[in-house]
Every structure is written in C-alpha cells, then in structure tokens.
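Peer 1: Residue numbers (our numbering), protein chains in the order written: chain A, 1 to 299; chain B, 1001 to 1257. Backbone N, C-alpha and C define an ideal beta-carbon position, used for all residues, glycine too. Since this is a predicted model, take the numbers as computed values, not measurements. Let me give you the structure first, and then I'll get to my questions.
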Amino acid sequence: MDQLAIETRGLVKRYGEALAVDHLDLQVRCGEVFGLVGPNGAGKTTTIRILVGLSEPSAGDVRLFGQPLAGSGPALRAKVGYVGEEQAVYPYMRVSEAMDFLRAFYPRWDQDLALRIADVFRLPLRQRAGELSKGMRVQLALVLALAPRPPLLILDEPTAGLDPIARRDFLSTVLGEAVGPDQSVLMSSHNLTEVERVVDRVGIIVHGRMAAVRTVDEFGSSQKRIRVVFQADQPPAGILDQPGIAGVAREGRGYLLTVDGNVEDIMASLARVPTFALELLDMSLEDSLLHYAGGDRRA
Amino acid sequence: MPSPLRAVIRKELRESVWKLWLGVGLLTVLGGMLGPTYGLLGGIFPQGAIELLPAWLRGPLSAMLGDYRLYLWYNWYSKNLYQMLTVFSIVFGAGLVAGEISHRTSGFLHSKPVSRSVVLAAKYAVALGALWLSALAGTAAALIGSYASDHPVAVRSFLLGLPAALSGAAVLLSVVLLASVSAREPMKAAGLAVLWLVIMSVASVVRPLRGFSLFVRMSGERTALTGQVEWGAVLVMLAAAALVLGVTMRVFRTKEL
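Written as structure tokens, this is what we have:
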C-alpha cells in the first residue's frame, strides 16, 4: 500500500448546530497531486484548516505521513507548506524580511529556492507585503510555502482572484519549478479546468462528505451522459431505473441520463427500444461535480 | 533560545515599538510633572482657603500640602501609575491575538511550525516588558522631577511601591490577553477587557473587600504607611497572572484561527 501523506477517517467539524465536515474520509498518497473540488460551503476550506492546524476537528482521526495530527509538535507541521486565501503575510514586512522571518521556523529552509521562485515571479525583495498586488501576495505566500521544501503542499483556492496569466504562471511554477516527484500536493479550487490540467486524482466533496474520488481519466471513462429521445410518449417501464443510471433529467422531449458505470449495458438496452435520438456524451469534471452536488436531478 | 521563539519575539518587538514610545512618553511626562506641580498645588490653595473645602477633600489635601513624600506617593502610585498601567494594558494587549485574527495574519503565523503557547508567551513577554519599561521610566521621571524642583525624596523608600505596581500590571495584562484570545476583533477584545476590569474594580469601593482589590494592592497603600513591600501580595499577584495566563493558553490552544 502506498504511504499516505494525508489520511482522515471519520473527520467531523461542527460549528454549533451546523455540520461543516461530515465523517470525511480523505487519502492523499505520497507524491501525488490531489484536487479537492466541491461547491461553496462543501467543507473544503474547513478540512484544509484542520490539516494545517488552524482549526480543531470535532471528531475523527487525522494523520499526516502516518502520524496523528492531534498533539503533534512543530516537527510534523514543518512538513506542510500552506497557501490559503484566508491568510496574510504581515503587511509591514518586506519580501526579504518575510523570508528571513520564516527561515527561523524551518531547518530545511532553502534560501536559493526562495530567491529563484521570487525571481520567476519578479517579486521585488525590498517591497513591503502590504504594497504588493493581490496576485503578488499569493505568489509571495507560495514562495514562503515552497522554500522549506515541504513534503506536503496544501493550496486552498490559491489562484482565486488571479487573472488567467497569473494563474497559469502560478500553477506552472508550483508543478514545474518547485514540486519534486516525492512531494504531495493537496489543492482545492473552484476552477475545474485548472484542476483537470494539473491533478492526478480528484475528490469531490459535497455537504462535508467525500462523494467520489477518482483519477481525472476515470471520471471521463466511467461517467457518461446519454441523451435519448423515445418515439413513444413515455419511456418503457423500468428502462430508466437500470443499475448505473445515477441521474435522469428531462430535456425537451428527451431525457439526459447521467450514467456511472454499466454504460455498455445501458446503451444496449436503450438501443433495443424505438428512439428518435440516442447519443453517448463524455462528462467533464464540471458535469461530475454538478451531478454529485445535485445540480442534475431525477425527472 | 529556540529560533522560532526568537523570531516571534523579534516580530512582536517590531510591532510593539509604538506601544513602548507611547507608554514611556506619557508616563515620563506624567511622572516628571509631579515635582514641578507641587508648588502650584500650594498656590491654588492659599493659606485659609483650604478650610473652605469639604472635609473629605480637606484632609488628604492638607496632608499632601504638608508632606511632599505623601503627595508624590499618592499622585504616582495611588493614582497615575496604576490608572495608566490599566489603560496601557488594554491598549497594548487587546490586539495581540484579536488583531492578528482580524488582519488574517494569524492564519499565516499559526500554519507554521511554532506552537501556540510559544507565540502567546512571546506576545505576553514583549507587551509586559513594554508596560514595565513604561512604569520604570515614569517612576524615574517622578524622582528626577522631584529633585529638579527642589523636593528631594528618599529614592529607596519611593521605589518600594514598584513591585506591587509591576506585579499588578502582570495581572492586568494577562486578563486583557484572555479577552484578546476570547474575541476576534481588537475593539471587541478591548470592550470585554474593560468590562472584566470594571467588575474587578468593584472590590476597591466595597470597604470589606478592599484588601482583595488588585487596584488597591497596586497603589501600595500599606507600603506607603509601613515602608515595607507587601511581598505576600506581590507573590499572590504574580501567581494570579500566571494562572490567568495558563487559562489563556488553554483557551488559545483550541481557538479557531
């Protein structure tokens, strides 16, 4: 079994009556880039805040590199680099001062790497963090997260609010320049195109629970959509209740089926009844997310 | 000293420079003015005029006009110093944690490999250092001002009031820090601290409880009368500060940041 960089079992986070994370099981393997996607309020940021020590779980087990996070000391936290939209570098610190400040926390701090990435982003070392643009502040946070060469990098909506060029530069730097083959990345994002492009596996989180975990290719191969227009006014009895049909939506005179597995059998059975149209469509990650989040419903 | 602690202390020192200047500056001015204004007090109340005042005011004023040592002690330890230390503990301490949360820098700092206890200890130590330095500067200014205005005082006897004032400041700051950890915005933390300190001050005005009042102990009333430091009270105050700080650390360890 692969060693796990992150493992949560039955992770629960409550805020009063509200359940933000509901028995979440998450496994991120060492060396993989894992994308965490889900609608707003699904529990992505809460999960990440627990993983980086900003929030305490209400219940459940959290392990990083096999060690329990609860009661762990700074040594385990030194293995995690974090870039989150909810954090700000001290605005009065110059870029170089922020680097000097954090050097004291990490025995493995790589100043050459910090300066190299800062140079790639053209970050002015003498400029104060509070004077940087939003994009540059995110870039600075990335520099500071990568310089200790953490075995695990956690990115929470790192490119939110960045323009497309800055987004591309950010991700190419993360995955091309800085993250080595032994490093794991957990990345949450609303930008599914971006996620599809860079991750090895994707977890879809809905209502605080992990709805599905697959590789991007698996999402494409096992999940399909079928558009069918029956010649009869009503579909034959039971034909839309076959195993594998996960969602049925009315679309004009026809039906749009969301299929999760058993695609061939379903297509064959539909082909046996008279139809005006029958076509098999690929599903994008966005379609999958919408499906799990309840964006397509049974008719 | 471990590197992360040193780094956090350096950061806190940098953020606290204005507090130090404010505290040292104001208390130096207040302390330094006491000697020169003693003569003015006599001028305001010429011979005979003091008899026209109500009895509750006449007694202390007559005593102070007749004894500079009493005047200095009353105006410094029993008035200016503990009142200003109370105000400064709120100004210095309310934003220590709540300010970081509201400015979103707490997420940056506490996602790094440093324990929350270390961060809190560094914040407390630096703020307390600023409070104590302010108190020491003001006390020195009070002595210098006395000599400069030809009112020499026994330095050693006057300094006997400091242990109670400084240990009381440690309690005040720990209470304000608990408020800062309990709130998410500096203004709310300050409001909470003011509320708690007002509740604590009730003991000062209830005669049977005066002995238990932090503010009464800080003013060093007994020390002024006996010429002896109340080491028992000082130790109790330091223990209370440590206890409240311990509770604060416990609350902070599980705080959502």
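Looking at the secondary structure, which residues open and close the beta strand (DSSP E) in which Tyr255 of chain A lies?
Peer 2: Tyr255 of chain A -> beta strand (DSSP E) spans 254 to 260.
Peer 1: Assign Phe101 of chain A to one of two classes, buried (16 or more other C-beta atoms within 10 Å of its C-beta) or exposed (fewer than that).
Peer 2: A residue is called buried when at least 16 other Cβ atoms come within 10 angstroms of its Cβ; Phe101 of chain A meets this threshold and is buried.
Peer 1: For Leu1096 of chain B, I'd like the list of residues in its chain whose CB is within less than 7 Å of its CB, leaving aside the five on either flank, ordered along the chain.
Peer 2: Lys1123, Ala1127, Leu1177, Ser1180
Peer 1: Which class does Ser133 of chain A belong to by DSSP, given the choice of helix, strand or coil?
Peer 2: coil
Peer 1: Does the contact criterion of 3 or more C-beta pairs under 8 Å hold for the segment 127 to 135 of chain A versus the segment 158 to 176 of chain A?
Peer 2: yes
Peer 1: Buried or exposed: Trp1073 of chain B, going by 16 or more other Cβ atoms within 10 Å of its Cβ?
Peer 2: buried
Peer 1: From the DSSP secondary-structure annotation, give me the bridge partner or partners of Lys1188 of chain B.
Peer 2: BP columns for Lys1188 of chain B are empty, so no partner.
Peer 1: Answer yes or no: does any C-beta atom of chain B fall closer than 8 Å to that of Val174 of chain A?
Peer 2: no
Peer 1: For Leu155 of chain A and Val1206 of chain B, I'd like the C-alpha separation in whole angstroms.
Peer 2: Answer to the nearest angstrom: the Cα atoms are 57 Å apart.
Peer 1: At which residues does the alpha helix (DSSP H) containing Met93 of chain A begin and terminate?
Peer 2: Counting along the chain, Met93 of chain A falls outside any alpha helix (DSSP H), and DSSP gives it neither H nor E.
Peer 1: Should the segment 259 to 271 of chain A be called in touch with the segment 1004 to 1012 of chain B, which here means at least 3 C-beta pairs below 8 Å?
Peer 2: no
Peer 1: Do you know offhand how far Leu290 of chain A's Cα is from Val195 of chain A's?
Peer 2: 15 Å
Peer 1: Which first and last residues belong to the alpha helix (DSSP H) in which Ala1183 of chain B is found?
Peer 2: Counting along the chain, Ala1183 of chain B falls outside any alpha helix (DSSP H), and DSSP gives it neither H nor E.
Peer 1: Could you please give the first and the last residue of the uninterrupted alpha helix (DSSP H) stretch that includes Lys1255 of chain B?
Peer 2: Lys1255 of chain B -> no alpha helix (DSSP H), and no H or E assigned at all.
Peer 1: With C-beta atoms as the reference, is Leu186 of chain A less than 8 Å away from Ile50 of chain A?
Peer 2: If you check the CB distance, Leu186 of chain A and Ile50 of chain A do not come in under 8 Å.
Peer 1: Could you tell me the alpha carbon to alpha carbon distance between Thr159 of chain A and Gly203 of chain A, rounded to whole angstroms?
Peer 2: Straight across, the Cα-Cα distance linking Thr159 of chain A with Gly203 of chain A is about 18 Å.
Peer 1: Anything in chain A within Cβ reach of Leu992 of chain B, meaning under 9 Å, just list it in chain order.
Peer 2: What the structure shows of chain B is the stretch from 1001 to 1257, and residue 992 of chain B is not part of that stretch, so it cannot be assessed.
Peer 1: Between A:Val95, A:Pro124, A:Pro91, A:Leu24, which has its C-alpha nearest Arg63 of chain A's C-alpha?
Peer 2: The option with the nearest alpha carbon to Arg63 of chain A is A:Leu24.
Peer 1: Using a C-beta to C-beta distance shorter than 7 Å, which residues of chain B count as neighbours of Phe101 of chain A?
Peer 2: Within chain B, the residues near Phe101 of chain A are Ala1007, Lys1011.
Peer 1: Might you give, ordered along the chain, the residues of its own chain that have their beta carbon closer than 6 Å to the beta carbon of Ser288 of chain A, omitting 5 neighbours on each side?
Peer 2: Phe219, Gln223
Peer 1: Under 8 Å, Cβ to Cβ, is there at least one residue of chain B near Ser55 of chain A?
Peer 2: yes
Peer 1: For the segment 1100 to 1132 of chain B, enumerate the residues whose C-beta is nearer than 7 Å to any C-beta of chain A, in chain order.
Peer 2: His1103, Arg1104, Thr1105, Gly1107, Phe1108, His1110, Ser1111, Lys1112, Pro1113, Val1114, Ser1115
Peer 1: Which residues in the same chain as Val1119 of chain B place their Cβ atom closer than 6 Å to its Cβ, once the five residues preceding and following it in sequence are excluded?
Peer 2: Val1008
Peer 1: Alpha helix (DSSP H) containing Phe1088 of chain B: first to last residue?
Peer 2: 1082 to 1093
Peer 1: Indicate whether at least one CB of chain A lies closer than 8 Å to the CB of Ser1219 of chain B.
Peer 2: no
Peer 1: Give the list of continuous alpha helix (DSSP H) stretches no shorter than 4 residues that lie fully inside the segment 31 to 60 of chain A.
Peer 2: Runs of the alpha helix (DSSP H) lying entirely within the segment 31 to 60 of chain A, each at least 4 residues long, are 44 to 51 in chain order.
Peer 1: For chain A, is any of its Cβ atoms less than 8 Å away from the one on Ser1016 of chain B?
Peer 2: It does not: the Cβ of Ser1016 of chain B has no partner Cβ on chain A nearer than 8 Å.
Peer 1: Measuring alpha carbon to alpha carbon, tell me which of A:Glu85, A:Gly53, A:Ser284, A:Ala141 ends up nearest Gly71 of chain A.
Peer 2: Of A:Glu85, A:Gly53, A:Ser284, A:Ala141, the residue nearest in Cα terms is A:Gly53.
Peer 1: Alpha carbon to alpha carbon, how far is Leu1166 of chain B from Pro107 of chain A? Give it in angstroms, no decimals.
Peer 2: If I take the Cα positions, the gap works out to 38 Å.
Peer 1: Taking 7 Å as the cut-off, is the C-beta of Ala1063 of chain B nearer than that to any heavy atom in the ligand ATP?
Peer 2: Annotation note on the ligand ATP: not contained in the displayed structure, which lists no ligands.
Peer 1: Contact criterion: CB-CB distance below 8 Å. Does Phe170 of chain A meet it with respect to chain B?
Peer 2: Taking Cβ atoms only, chain B never reaches closer than 8 Å to Phe170 of chain A, which makes this a no.
Peer 1: Can the beta-carbon of Ala1193 of chain B be found closer than 8 Å to that of Ala1094 of chain B?
Peer 2: yes
Peer 1: For Val216 of chain A, which beta-bridge partners are listed by DSSP?
Peer 2: Bridge partners of Val216 of chain A: none, in fact.
Peer 1: Chain B partners of Val52 of chain A, CB-CB under 7 Å?
Peer 2: Ser1111
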